[in-house]
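Numbering (our numbering), first residue to last: 7 to 260. Virtual Cβ for every residue (Gly too), placed ideally from N, Cα, C.
Take a look at the structure:
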């Protein structure tokens, strides 16, 4: 593999990992440019969008370009932080191949939370949000169960490659269904348990990045992410609304 090809692969890999991890595009562009210039590129121009990376670099007076499609995002801010630190730890004495090997090793061996820890966090998040919105102890328990069920469902559907809109719709419906069924069994409040169950679906990082990109002048990325967040909210609301509408049609109290 030539030095130019190695540099292109290095830049695209770094950018793809950061986009998949949920980084804003201005950070992706800055980090990729920093990495390439540090290991020998004379000039590097990077354009990142939520779904792809466009890269052109100059080496030895010649220009080379490459594009990589980024289809999915699985938020991992620890990975974003690790690559950001990696970009500041290399210099001209680091060869492109060494940097690429180190980057790929970083991606393979990064620390991830175990399924049990992630499931426990979903339970605690659901219960905590329920309490935050006025729920009592039993409501928090139901909200925690709802958050756990939603987490398990969206994880399973995600592994099956189900469409994002359908995943969020099903997650919202399951959260509402859990709250309604528990309402029939236990003395719970419906509203806070529904909210607590579905709040793990709220696209907080997505909204934050949309605002950050827009403020940074990346209006295309900001608008795209804002629209994506809007569709996520619509999907979740539709799922909850479907269950509550059926519940109300059969005489339930909202």
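Residue range of the beta strand (DSSP E) that residue 257 falls in?
-> Per DSSP, residue 257 belongs to no beta strand (DSSP E) and is neither H nor E.
Hey, which unbroken runs of the alpha helix (DSSP H) at 4 residues or more fall wholly within the stretch 8 to 89?
-> 9 to 27, 31 to 44
DSSP state of residue 194, grouped into three classes?
-> coil
If you drop the 5 nearest sequence neighbours on each side, which residues of the same chain put their C-beta closer than 7 Å to that of residue 327?
-> Absent from the model: residue 327. The displayed extent of the chain is 7 to 260, so no value can be given.
Can you grab the Cα-Cα spacing for the pair residue 164 / residue 60, in whole Å?
-> 27 Å
Along the alpha helix (DSSP H) that carries residue 169, what are the first and last residues, could you check?
-> Unbroken run through residue 169: none, as it is neither H nor E.
Option in 207, 106, 115, 113 with minimal Cα separation from residue 154 = 207
DSSP three-state assignment for residue 218, whether helix, strand or coil = helix
Have a look at residue 83 and residue 124 and give me their C-alpha separation to the nearest angstrom.
-> 15 Å
Using a threshold of 8 Å, state whether the C-beta atoms of residue 47 and residue 89 are closer than that.
-> no
Nearest-angstrom Cα separation, counted from residue 156 out to residue 53 | 35 Å
Just the Cα atoms here: how many angstroms apart are residue 105 and residue 58?
-> 22 Å
Rounded Cβ spacing between residue 25 and residue 76 (contact assumed at less than 8 Å) = 5 Å
Is the stretch 208 to 215 touching the stretch 234 to 249 in the sense that three or more CB pairs, one from each, lie closer than 8 Å?
-> yes
Pull up the CB-CB distance for residue 12 and residue 121, whole angstroms please, since I reckon it's below 8 Å.
-> About 36 Å separates the two Cβ atoms, so there is no contact after all.
Note down the Cα distance separating residue 250 from residue 257, rounded to an integer number of angstroms.
-> 11 Å
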